[in-house]
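Numbers given in the numbering used here equal positions in the sequence shown, counted from 1, plus 1372. Notes for the one structure printed next.
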Amino acid sequence: DPHPAPPAGRTVSAPGHGALDPVVRLAARRVLVSDQVAAAKWGTSAPIDDPARERQVLDGAAAEAVRLGADPAVTRRIFRDQIEASKVVQRGLYRRWTADPRTVPPVRPDLAAVRAELNELGDRLVHAIAGTATARAARSCPAHLGLEYLEVGRELHLDALHRAALARALPSVCG
Ligand SMILES: O=C(O)C(=O)C[C@]1(C(=O)O)C=C[C@@H](O)C=C1
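Right, dumping it as structure tokens:
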């Protein structure tokens, strides 16, 4: 039998087995690294919105997509959502830190180092997007994406702010 039954207690749609898993996981990691972005900017003159840096992120992602033979417009759209998701986190943390200064991180990370980490996650995300064209075009995409969203949020113990940000990161993944 080329299609043996899955082991007891599991199904073929068990957590982590969805094709969209890498995309959602990388989006979640980017959302979490956004905590470091906020901590790097807090108490400095660097604004949350940095349009020049956004252009760099979007152009970099599109160029990487072209290199991989993937769709740069789709990649750009998905990255626009990653950037919005990052701002959801940053604004949410600024609200928290303003309301209760005792929760401000004691150490300020280096913004350039955090951006290097975002670049690396970004390249991996472009690869994940390029590798999931079939799953993203499927009619089942929104349902699978929703399940991955719930699974990854649970597994990474995301709080309400980071779940909201992850939700903001995903609307362009399907279609
Ligand atoms: O690099 C920054 O300054 C960030 O805040 C990260 C990020 C992004 O998600 O890539 C988000 C908002 C800024 O407008 C620019 C870029």
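Glycine included, each C-beta is placed from N, C-alpha and C at the ideal position.
For the putative contact between A1502 and L1440, defined by C-beta atoms under 8 Å, what is the C-beta separation to the nearest angstrom? With 8 Å as the limit, A1502 and L1440 qualify as a contact, their Cβ atoms being about 5 Å apart.
Close Cβ partners of A1536 (< 7 Å) along its chain, the five nearest in sequence each way excluded: Close CB contacts of A1536 within its chain, under the 7 Å cut and outside five residues either way in sequence, are with V1460 (chain order).
Whether D1336 touches E1520 by CB criterion (7 Å): Residue numbering for the chain in the displayed model covers 1373 to 1547; residue 1336 lies beyond these limits and cannot be assessed.
Please tell me whether V1403 has its Cβ less than 7 Å away from any Cβ of chain B. Protein chains in the displayed structure number just one, and chain B is not present.
Regarding D1422 and ligand 1, is the C-beta to nearest heavy atom distance less than 6 Å? Yes.
On the DSSP letters alone, give me the boundaries of the alpha helix (DSSP H) that R1540 sits inside. That run of the alpha helix (DSSP H) goes A1532 to A1541.
Shortest alpha-carbon distance to A1399 belongs to which of T1416, V1446, A1442 and Q1454? Comparing alpha-carbon positions, the option among T1416, V1446, A1442 and Q1454 lying closest to A1399 turns out to be Q1454.
Consider the C-beta atom of E1492 and the heavy atoms of ligand 1; say whether any pair is separated by less than 6 Å. Between ligand 1 and E1492, a heavy atom-to-CB distance of less than 6 Å is absent.
Mapping DSSP to helix, strand and coil, what is T1447? The three-state reading of DSSP puts T1447 in helix, counting H, G and I together.
V1524, DSSP secondary structure in three states: Looking at V1524 - three-state DSSP - the assignment turns out to be helix.
Using 6 Å as the cut-off, classify the Cβ of V1460 as near or not near the heavy atoms of ligand 1, replying yes or no. No - ligand 1 has no heavy atom lying nearer than 6 Å to the Cβ of V1460.
Do R1401 and V1524 have their beta-carbon atoms positioned less than 7 Å apart in this structure? Note that the C-beta distance between V1524 and R1401 is not below 7 Å.
Answer yes or no: the CB of E1426 versus the heavy atoms of ligand 1, is any distance below 6 Å? Yes, since a heavy atom of ligand 1 falls inside the 6 Å radius drawn around the Cβ of E1426.
Determine whether the beta carbon atoms of T1475 and R1467 lie at a separation below 7 Å. Using a Cβ distance threshold of 7 Å, T1475 and R1467 do not count as a contacting pair.
Looking at R1487 and ligand 1, is the gap between the Cβ and the nearest heavy atom below 6 Å? Checking every heavy atom of ligand 1 against the Cβ of R1487, one is found closer than 6 Å.
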